[in-house]
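> One structure, as structure tokens, below. Some questions next.
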Amino acid sequence: MAGTRVVIVATSADTMGDHKTGAWSEEITGPFYTFKDAGCSVSIVSVRGGKVPIDAGSLATPCEHDKRFEESGDIAALEKTQSLKQVKIEDIDCLFLAGGHGTCVDFEEGCADIVTKTYAAGKIVAAVCHGPTGLVRAKDGDAPLVKGKKVAGFSNVEEETVGLADKVPFSLETKLKELGAEYVEGETFKPHAVRDGRLVTGQNPMSSVRCASLALEAMEKELGARDPELEALRSKLEAARSQIGLKKSPLTTIVLFVRWLVSFIARTTRRIMISRFTWFVLIPAVGTYFGLKYHFAQELFVPPVCGETTGGSMWLFEVAVVEISWWAILGILSSVGFGTGLHSGIMFLFPHVMQVVAAAEACGTTSGLIAWYQHPCKLECATTFGPKDDSTVTMFNLWLLITVQAMIWGIGTAVGELPPYLVSKAARLTGSSDSEYHSEIEEAKSKTDAFSRMKIWTINFTERHGFMGILMLASWPNAAFDMCGMCCGYLLMPFWTFFIATALGKGVIKVNLQSFFFIGLFGSTAFQVMMSGLDHTNAALLSALGQDFHLRETIQSLRTKLILQFEMASRFAPSKLFPKGVDSLDLPALEKLYSKMSDGKEVAARVLKDLDKDGSGSLNLKELSKAASRTDRKISLSSLDPGTGTSILKVGWELFIVCLVLFFVVSVVDQLAKAKQTELDEAELAEFEARDQEQKKTS
32 MAGTRVVIVA TSADTMGDHK TGAWSEEITG PFYTFKDAGC SVSIVSVRGG KVPIDAGSLA
92 TPCEHDKRFE ESGDIAALEK TQSLKQVKIE DIDCLFLAGG HGTCVDFEEG CADIVTKTYA
152 AGKIVAAVCH GPTGLVRAKD GDAPLVKGKK VAGFSNVEEE TVGLADKVPF SLETKLKELG
212 AEYVEGETFK PHAVRDGRLV TGQNPMSSVR CASLALEAME KELGARDPEL EALRSKLEAA
272 RSQIGLKKSP LTTIVLFVRW LVSFIARTTR RIMISRFTWF VLIPAVGTYF GLKYHFAQEL
332 FVPPVCGETT GGSMWLFEVA VVEISWWAIL GILSSVGFGT GLHSGIMFLF PHVMQVVAAA
392 EACGTTSGLI AWYQHPCKLE CATTFGPKDD STVTMFNLWL LITVQAMIWG IGTAVGELPP
452 YLVSKAARLT GSSDSEYHSE IEEAKSKTDA FSRMKIWTIN FTERHGFMGI LMLASWPNAA
512 FDMCGMCCGY LLMPFWTFFI ATALGKGVIK VNLQSFFFIG LFGSTAFQVM MSGLDHTNAA
572 LLSALGQDFH LRETIQSLRT KLILQFEMAS RFAPSKLFPK GVDSLDLPAL EKLYSKMSDG
632 KEVAARVLKD LDKDGSGSLN LKELSKAASR TDRKISLSSL DPGTGTSILK VGWELFIVCL
692 VLFFVVSVVD QLAKAKQTEL DEAELAEFEA RDQEQKKTS
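The numbering used here applies: residue 32 is where the sequence shown begins, and numbers increase by one.
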């Protein structure tokens, strides 16, 4: 790289608040010799000029480059530096921003202009550790320079580890993400750097040499030929990575996946264990909870007596946790897995809405009515108070009863949309294309049906409108939303941009519109108002067209069928089937329960035959309880029916769903295995470059 000019920028700040700081020595000396040994012309400047302050902590255990810097006399370059304003863009081939906590004071404003101009001129910009603070206000056109680019920088975990999280003006990792960067985190205090075109960034002091090496690689691409041996090794590693997969090399893939999983668990555990929240909030809270429950305040955990007591405050807290978890998990199951989700809205949420509406109308009030799904006093009139004249049974009050559960379920569906996004994003970050994403697009383009066209439209709409596009696509029942997630992942859209837009659309807008629709459908008053409007519409059509469309009868018939379906799916404790003083249900009693169904007698006979284990000709509470779900300990009339037998179509459909889920699992394992191999390949390339640099020094 003879003739190329590198400018290393250091901070001029020696304090950060009351904390003594400066530049981190290794982040100057490591890159200095990496560039110099490669034949570059290297100069060191600082934000304000003059002597560069060095953080004393960086000299406590000097690295080999620090020692060489001092012994060679090159350290004199730090005594009197040019200011950043004196540097001319035409004299720069690579601008390298060295780190140290001093950069938190003067890099954000001090480096913005020169970084913007250097990058706009087609030069290389590199930054290590806290050096990326100098990228925060830099621009690429009208957008932040880092937006949509892969970057590294001092992580939140590392900031907490060194004990300066409360000293820095902002978390660098968080700030980069807020600006739209694709933050790529490596292991804590291990060498890790990333390159995205002409932008190169490193995570911590240990990444200094690796960051400089990637900057050299970028310069070689822009200004000269690459090392043929290095490129040969890179090509060899890329070819080997393309063979990773459960189909092509199952053993290798599983080993790599397990290594990634172990690394992820270790990294996550470390984060949790060094977090102040864990030690100062979580552990004390858990200890307090168990202490109160089993020793000091057991009265706080007493369950309620319906209509008499409300239950202890901590008992209510426990039920609330179970309630939130229940609806969130159902929401996740409803949308997780590339369209293979369980339709928990139809099976659980909307029947619950119907039960709430029916109970409010039966009790004549919403005041005091408990709509918690897991509460033992759920929908009992004994808990209500005030006048029972239907004055409080309004659409708004009914909505207040069910909106919390509905929104938790809706946010759960947003979480369930993450797998397509994460898998597609992981594939892009490994440097490979997401084959599933591309195959979906090609297949959709080759077809002319409405669903395929909707997929293509969804992708184009997402690419054009970003956050607002995702919000709008998530705000209505959209069968092609998986494609939106895959598209956002492939385009490296920031996680929070995708998730917040999806959560607002699914968990706030869509689910509340659905709630109002079903409240109006199930509520007698609201439905009659709608019927009155339909009568006027039908009369107008009859007058204009001379044809009676029987709108009232049609809508009432559809409503009756839907309500029957939801009644059969409504869930309750087995004891609710037994009237007071009755301890068994014989065939006539079961036929009465299923009387609204056209084949009610046949269904009742099947239920009795399937559940009557003692052959008594009737069902007792014990027998019905065995049929209850293990998740919520409840039953529904439809769940008791064993059916008429398993059809070939049903078996085929279930096999199809299993295959889809397996395909999803295989995709996840393959992509994470490739991600781990990419990490190992980067380390091998770094080692090769280090050996190459060492050979150049000795030759």
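A virtual CB, placed ideally from N, CA and C, is assigned to each residue, including glycine.
#1: So, at 6 Å on beta carbons, what are the nonlocal neighbours of residue 61 in its own chain, with the 5 sequence-adjacent residues on each side left out?
#2: Would the beta-carbon of residue 426 fall within 8 Å of that of residue 276?
#3: Under a Cβ-count criterion, where at least 16 other Cβ atoms within 10 Å of its own Cβ denotes burial, should residue 415 be classed as buried or exposed?
#4: Does DSSP put residue 609 in a helix, in a strand, or in coil?
#5: Could you name the residues of the same chain whose beta carbon sits closer than 7 Å to that of residue 54, not counting the 5 residues immediately before and after it, in chain order?
#6: Smallest Cα separation from residue 213: which of 271, 179, 126?
#7: Which of helix, strand or coil does DSSP assign to residue 4?
#8: Check whether the Cβ atoms of residue 79 and residue 114 lie closer than 8 Å to each other.
#9: Are the Cβ atoms of residue 506 and residue 447 separated by less than 8 Å?
#10: How would you write the range of the alpha helix (DSSP H) that residue 548 sits in, first residue to last?
#11: Counting C-beta neighbours from all protein chains within 10 Å, is the total for residue 580 16 or more, i.e. buried, or is it exposed?
#12: Put residue 141 into one of helix, strand or coil per three-state DSSP.
#13: Are residue 219 and residue 192 close, meaning C-beta to C-beta below 8 Å?
#14: Output yes if chain B places a C-beta closer than 8 Å to the C-beta of residue 314; else output no.
#15: Report buried or exposed for residue 300, applying the criterion of at least 16 other Cβ atoms within 10 angstroms of its Cβ.
#16: From the DSSP output, in three-state form, read off residue 712 for me.
#17: Leaving aside the five residues before and after residue 294 along the sequence, list all residues of the same chain whose C-beta is less than 8 Å from its C-beta, in chain order.
#18: Report buried or exposed for residue 406, applying the criterion of at least 16 other Cβ atoms within 10 angstroms of its Cβ.
#19: Would you give the residue range spanned by the alpha helix (DSSP H) that residue 428 belongs to?
#20: According to DSSP, residue 50 sits in a beta bridge with which residue or residues?
#21: So what's residue 160 in DSSP terms, helix, strand or just coil?
#22: With DSSP as the reference, label residue 493 as helix, strand or coil.
#23: Helix, strand or coil for residue 234, going by three-state DSSP, please let me know.
#24: Could you please give the first and the last residue of the uninterrupted alpha helix (DSSP H) stretch that includes residue 590?
#25: Using 10 angstroms around the beta-carbon of residue 189, count the other beta-carbons present and answer buried if the total reaches 16, otherwise exposed.
#26: Closer than 7 Å: is that where the CB of residue 53 sits relative to any heavy atom of the ligand GDP?
#27: What three-state label does DSSP hand residue 416 in the structure shown?
#28: Are three or more beta carbon pairs between the region 433-451 and the region 346-362 nearer than 8 Å?
#29: Sorted by chain position, which residues of the same chain lie with C-beta nearer than 6 Å to residue 466's C-beta, five sequence neighbours on each side aside?
#30: Is it right to say residue 235 is buried, meaning 16 or more other beta carbons lie within 10 angstroms of its own, or is it exposed?
#31: Does the contact criterion of 3 or more C-beta pairs under 8 Å hold for the region 595-609 versus the region 651-667?
#32: So, do the region 698-713 and the region 280-295 have three or more beta carbon pairs nearer to each other than 8 Å?
#33: In chain order, what are the residue ranges of uninterrupted alpha helix (DSSP H) at least 4 long that sit wholly in the region 638-671?
#34: Can you tell me whether residue 113 is helix, strand or coil according to DSSP?
#35: Judging by CA-CA distance, which residue of 195, 187, 199 is the nearest neighbour of residue 205?
#36: So, at 7 Å on beta carbons, what are the nonlocal neighbours of residue 111 in its own chain, with the 5 sequence-adjacent residues on each side left out?
By the coordinates alone:
#1: For the purposes of this step, residue 61 is identified with residue 30 of the sequence shown, where counting begins at 1. Closer than 6 Å at the Cβ level, and outside the excluded window around residue 61, lie 96, 239, 240.
#2: For the purposes of this step, residue 426 is taken as the residue at position 395 of the sequence shown. For the purposes of this step, residue 276 is taken as the residue at position 245 of the sequence shown. Contact: no.
#3: The residue labelled residue 415 in the question sits at position 384 within the sequence shown. Answer is buried; the Cβ neighbour count reaches 16.
#4: Counting from 1 along the sequence shown, the entry for residue 609 is found at position 578. DSSP places residue 609 in coil when its eight states are reduced to three.
#5: The residue labelled residue 54 in the question sits at position 23 within the sequence shown. Excluding positions up to five away in sequence, the list reads 41, 42, 83, 84, 85, 86, 129, 131, 133.
#6: Position 182 of the sequence shown, counted from the first residue, corresponds to residue 213. With distances taken between Cα atoms, residue 213 lies closest to 179.
#7: Coverage of the chain is limited to positions 32 through 730, which leaves residue 4 absent and any answer about it impossible.
#8: In the sequence shown, the residue the question calls residue 79 occupies position 48. In the sequence shown, the residue the question calls residue 114 occupies position 83. Result yes, Cβ atoms of residue 79 and residue 114 sit closer than 8 Å.
#9: Looking up residue 506 in the sequence shown gives position 475. Looking up residue 447 in the sequence shown gives position 416. Contact: no.
#10: As a first step, residue 548 is located in the sequence shown; it is residue number 517 there, counting from the start. First-last of the alpha helix (DSSP H) with residue 548: 542-553.
#11: Counting from one through the sequence shown, the residue named residue 580 turns up at place 549. Classification for residue 580: exposed.
#12: Sequence index remark: in the sequence shown, residue 141 carries index 110 (1-based). Residue 141 falls in the helix class under three-state DSSP.
#13: For the purposes of this step, residue 219 is taken as the residue at position 188 of the sequence shown. For the purposes of this step, residue 192 is taken as the residue at position 161 of the sequence shown. Yes, the Cβ-Cβ distance between residue 219 and residue 192 is below 8 Å.
#14: The question asks about chain B, but that chain is absent: this structure has only one protein chain.
#15: By one-based count along the sequence shown, residue 300 stands at place 269. Counting Cβ neighbours within 10 Å, residue 300 comes out exposed, since fewer than 16 surround it.
#16: Mapped onto the sequence shown, residue 712 falls at position 681. DSSP places residue 712 in helix when its eight states are reduced to three.
#17: The count along the sequence shown starts at 1 and reaches residue 294 at position 263. Here the set comprises 218, 707.
#18: As a working note, residue 406 is residue 375 in the sequence shown. Label assigned to residue 406: buried.
#19: By 1-based counting over the sequence shown, the position of residue 428 is 397. Where residue 428 is concerned, the enclosing alpha helix (DSSP H) stretches over 426-447.
#20: Indexing the sequence shown from 1 puts residue 50 at position 19. Beta-bridge pairing links residue 50 to 47.
#21: Along the sequence shown, read from residue 1 onward, the residue named residue 160 stands at position 129. The answer is coil: DSSP assigns residue 160 none of H, G, I, E or B.
#22: Start at 1 with the first residue of the sequence shown, and residue 493 comes out as number 462. In this structure, residue 493 counts as helix in the three-state DSSP scheme.
#23: Residue 234 sits at position 203 when you count from the first residue of the sequence shown. If DSSP states are grouped into helix, strand and coil, residue 234 belongs with coil.
#24: Taking the sequence shown and counting its residues from 1, one reaches residue 590 at position 559. That run of the alpha helix (DSSP H) goes 582-600.
#25: As a working note, residue 189 is residue 158 in the sequence shown. The residue in question, residue 189, is buried, as its Cβ has 16 or more Cβ neighbours within 10 Å.
#26: Absent from the structure shown: the ligand GDP. Ligands present: none.
#27: Here the question's residue 416 lines up with position 385 in the sequence shown. Correct three-state label for residue 416: coil.
#28: yes
#29: The sequence position of residue 466 within the sequence shown is 435, counting from 1. Residue placement at residue 466 is poorly supported in this model, since its pLDDT is 48, which falls under 50; the coordinates still yield a value, given next. Excluding sequence neighbours, residue 466 sits near nothing in its chain.
#30: Here residue 235 refers to the residue found at position 204 of the sequence shown. Flag for residue 235 reads buried.
#31: yes
#32: yes
#33: 652-657, 668-671
#34: Residue mapping note: residue 113 aligns to position 82 of the sequence shown, counting from 1. In the structure shown, residue 113 sits in a strand (DSSP, three-state: E or B).
#35: To locate residue 205, count along the sequence shown from 1; it is residue 174. Comparing Cα-Cα distances from residue 205 to each of 195, 187, 199, the minimum goes to 187.
#36: As a first step, residue 111 must be located in the sequence shown, where it is residue number 80. Only 81, 82 meet the Cβ criterion.
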